[in-house]
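Asker:
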Amino acid sequence: MSPIAEENKGQKKPYPVIDKDKCKGCGTCASVCPVEVFVLEKGKSFAKKPDECIGCHACASQCPVEAIKIIE
Ligand code: SF4
Ligand code: SF4
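In my numbering, the protein residues as written are 7 to 78.
1. Please classify residue 71 as buried or exposed, where buried requires at least 16 other C-beta atoms within 10 Å of its C-beta.
2. Verify the contact flag: residue 66, CB atom, against every heavy atom of ligand 2, threshold strictly below 7 Å.
3. Buried or exposed for residue 40, going by 16 or more other Cβ atoms inside 10 Å?
4. From the DSSP output, in three-state form, read off residue 53 for me.
5. Which same chain residues, not among the five before or five after residue 78, have their C-beta less than 8 Å away from its C-beta?
6. For ligand 1, I want to know if residue 53 counts as a neighbour, meaning its beta carbon is within less than 7 Å of at least one of the ligand's heavy atoms.
7. Would residue 22 and residue 64 be called neighbours here (beta carbons separated by less than 8 Å)?
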């Protein structure tokens with residue numbers, strides 16, 4: 007199991023995982039998410055409400071640096 011999967015053990019799927027090293031804080035994910043999962047904190051995106059995710063992949067497909075992965 008990957009470290010990311012371990013970290014989120016018990017989290018309801020689907021949910022997004024953000025690679026903070028890649029994230030440029032552009033806010034696109036927060037803008038396109040239909041259920042407002044993301045907030046920007048200190049110039050990085052943070053999945054504040056992962057339980058709300060419906061797995062639409064809008065965030066992952068529109069992130070300009072491919073920083074988001076959806077765990078399903
Ligand atoms: S779309 Fe990508 S780069 Fe932009 S804030 Fe979201 S995770 Fe970061
Ligand atoms: S997959 Fe869709 S619902 Fe889930 S966080 Fe991304 S944009 Fe929001």
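Even for Gly, the Cβ is constructed at its ideal location relative to N, Cα and C. Since the model is a prediction, treat every value here as computed from it, not as a measurement.
Answerer: Per the coordinate set shown:
1. exposed
2. yes
3. exposed
4. strand
5. 19, 20 and 61
6. no
7. no
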